[in-house]
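Here's the structure we're looking at; comments come further down.
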Amino acid sequence: MNDRVDSSAFPAGPAGAGEPAGAGASAGASAVTSGAAAAVPAPDTVRRAVRQALGTGVAVGVSGFAFGATAAAAGLSVAQSCVLSLLVFTGASQFALVGALAAGSGPVTAAAGAFFLGVRNCFYGLRLSALLRPPRRLRPFAAQWVIDETAAVSFAQPDRRAARAGFAVTGLTLYLLWNLTTLLGALGASGLGDPAVWGLDAAGPAVFLALVAPMLKTAVERATAVLAVLLALIGLPLIGLPLLPAGVPVLLAALAAPAVLWVHGRLDGREVTR
Amino acid sequence: MSGLDPAAVWPAVVLTAVGCYLVKLLGLSVPAGVLERPLVRKLAALLPVALLAALTAIQTVDDGTGAPVLDARAAGLAAAAVAVLLRAPFLLVVVAAVAVTAGVRALGG
Numbered sequence: 109m110n111d112r113v114d115s116s117a118f119p120a121g122p123a124g125a126g127e128p129a130g131a132g133a134s135a136g137a138s139a140v141t142s143g144a145a146a147a148v149p150a151p152d153t154v155r156r157a158v159r160q161a162l163g164t165g166v167a168v169g170v171s172g173f174a175f176g177a178t179a180a181a182a183g184l185s186v187a188q189s190c191v192l193s194l195l196v197f198t199g200a201s202q203f204a205l206v207g208a209l210a211a212g213s214g215p216v217t218a219a220a221g222a223f224f225l226g227v228r229n230c231f232y233g234l235r236l237s238a239l240l241r242p243p244r245r246l247r248p249f250a251a252q253w254v255i256d257e258t259a260a261v262s263f264a265q266p267d268r269r270a271a272r273a274g275f276a277v278t279g280l281t282l283y284l285l286w287n288l289t290t291l292l293g294a295l296g297a298s299g300l301g302d303p304a305v306w307g308l309d310a311a312g313p314a315v316f317l318a319l320v321a322p323m324l325k326t327a328v329e330r331a332t333a334v335l336a337v338l339l340a341l342i343g344l345p346l347i348g349l350p351l352l353p354a355g356v357p358v359l360l361a362a363l364a365a366p367a368v369l370w371v372h373g374r375l376d377g378r379e380v381t382r
Numbered sequence: 050m051s052g053l054d055p056a057a058v059w060p061a062v063v064l065t066a067v068g069c070y071l072v073k074l075l076g077l078s079v080p081a082g083v084l085e086r087p088l089v090r091k092l093a094a095l096l097p098v099a100l101l102a103a104l105t106a107i108q109t110v111d112d113g114t115g116a117p118v119l120d121a122r123a124a125g126l127a128a129a130a131v132a133v134l135l136r137a138p139f140l141l142v143v144v145a146a147v148a149v150t151a152g153v154r155a156l157g158g
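See the structure below:
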């Protein structure tokens, strides 16, 4: 993919400068320009990007084992598990969907929770399109790779060429490995018998914990997490009620985000003496 | 009450695949600035925090009866939390939870 890169359009200095970094921008190298030769990015920024991309892609890609095993343990067929990884390809949404289905959710409620988790990729996309400037005909393909990890690696690069290399290599490595390990995990788990004996029902919550932990940076995020847990637990007894679909507690907990933002906005407004 | 409804799986898979792909494509295609209002961006960053925290709690304590239970999964999640605090890689966090949960169950917990 790198041979299509048009480096002449790239201005000196860190790519995407002047924009606040996205949620995943903390991964690895900060904006390092290559000194006087900043206008022509040195190839080692690309090499560094590829190394980072491979590391991220391999480390996260093998987690498809956990997904495949969780999905099969929840009762999905191997084909259903694999189609999720091929077509949805955003881990948190996939795990959320499987968890909701396992709890008895209908398709719309289950998909709604997964969809809300996927909305963040839209905002990665906004930033990535400014940073990578993908050609129009590549956009439909690049879109499938717009996820936490590709965004984090791309945002961490000092220039457009490195960001494009980082995006492409992270996307490709992760896509191949995630799908391969999903298949292996699903095949493995469907041969295990009762998944609870193997503790596989704990994989889902552990995944969510591992995903949410790095997001809890400030008091706003922590307050949101605490409120969401409370709302979910309050909503838990609703699962048994006949008219309410399972999965409602999680959607109820999503209200924690606007609630905390609203309170935070009020407090902020008062400090600025508006 | 709970349990997977096999008829729900394919429709849910299709809905999720279409929805998740479209938001990704929307982000790449919409001109910057249209969705870049600070409030929208903050909400989009905070929504996953709320959902993931809720999912962590629900899937640890839900046994389908509507009343929260503390069982071997809670021990597994505690192990995962320790792994997260030790900055263990993603897969190791999951393996710790699974192994401890299985271990506690094997011991009759």
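From first to last, the protein sequence lines stand for chains S and F. Residues 109 to 382 in the working numbering are what the first sequence lists, from first letter to last. Residues 50 to 158 in the working numbering are what the second sequence lists, from first letter to last. Glycine residues also receive a C-beta, built at the ideal position from the N, C-alpha and C atoms.
#1: Just to confirm my understanding: we take residue 193 of chain S, look at its own chain, exclude 5 residues before and 5 after, and list those with CB closer than 7 Å. What are they?
#2: Who are the near neighbours of residue 307 of chain S in its chain, counting only those whose CB is closer than 8 Å to its CB and skipping five residues on each side?
#3: Buried or exposed for residue 245 of chain S, going by 16 or more other Cβ atoms inside 10 Å?
#4: Does the beta-carbon distance from residue 343 of chain S to residue 361 of chain S come in below 8 Å?
#5: Residues of chain S with CB under 7 Å from residue 90 of chain F, in chain order?
#6: Give the straight-line distance between the Cα atoms of residue 357 of chain S and residue 370 of chain S, rounded to the nearest whole angstrom.
#7: Kindly list, in the order they appear in chain F, the residues whose Cβ is closer than 8 Å to that of residue 188 of chain S.
#8: DSSP state of residue 332 of chain S, grouped into three classes?
#9: Is it a yes or a no for the stretch 274-282 of chain S touching the stretch 160-170 of chain S, going by three-plus beta-carbon pairs under 8 Å?
#10: Smallest Cα separation from residue 127 of chain F: which of F:150, F:114, F:117, F:138?
#11: Would you call the stretch 75-88 of chain F and the stretch 227-242 of chain S in contact, with 3 or more CB pairs under 8 Å?
#12: Unbroken alpha helix (DSSP H) runs of length 4 or more, entirely within the stretch 182-245 of chain S: which are they?
#13: Comparing C-alpha positions only, which one of S:180, S:265, S:238 sits nearest to residue 299 of chain S?
#14: Judging by CA-CA distance, which residue of S:167, S:297, S:263, S:218 is the nearest neighbour of residue 66 of chain F?
#15: Find the nearest neighbour of residue 124 of chain F within the set S:314, S:228, S:196, S:167, judged by alpha-carbon distance.
#16: Could you check whether the Cβ of residue 171 of chain S sits closer than 8 Å to any Cβ belonging to chain F?
#17: Just to check my reading of the structure: residue 365 of chain S and residue 153 of chain F have Cβ atoms closer than 8 Å, yes? What is that Cβ distance to the nearest angstrom?
#18: For the alpha helix (DSSP H) that residue 133 of chain F lies in, which residues bound it at each end?
#19: Would you report the Cα separation of residue 134 of chain S and residue 239 of chain S, rounded to the nearest angstrom?
#20: Shorter than 8 Å from the beta carbon of residue 204 of chain S to some beta carbon of chain F?
#21: With residue 103 of chain F and residue 340 of chain S assumed to form a contact (beta carbons below 8 Å), what rounded beta-carbon distance in angstroms separates them?
#22: Within a Cβ cutoff of 7 Å, which residues of the same chain sit near residue 183 of chain S, ignoring the five residues on either side of it in sequence?
To lay it out plainly:
#1: Here the set comprises 172, 175, 202, 286, 287, 290.
#2: No residues qualify anywhere along the chain.
#3: exposed
#4: yes
#5: 231
#6: 21 Å
#7: 58, 59, 62
#8: In the three-state DSSP reduction, residue 332 of chain S falls in the helix class (H, G or I).
#9: yes
#10: F:150
#11: yes
#12: 186-191, 199-210, 215-226, 228-240
#13: Per the C-alpha coordinates, the member of S:180, S:265, S:238 positioned closest to residue 299 of chain S is S:180.
#14: S:218
#15: S:314
#16: At least one chain F Cβ lies under 8 Å of residue 171 of chain S.
#17: The Cβ separation is near 33 Å, so there is no contact.
#18: Counting along the chain, the alpha helix (DSSP H) containing residue 133 of chain F begins and ends at 121-134.
#19: Legend: pLDDT at residue 134 of chain S = 39, less than 50; position of this residue unreliable, no value from coordinates given.
#20: yes
#21: 4 Å
#22: Closer than 7 Å at Cβ, skipping near neighbours: 210.
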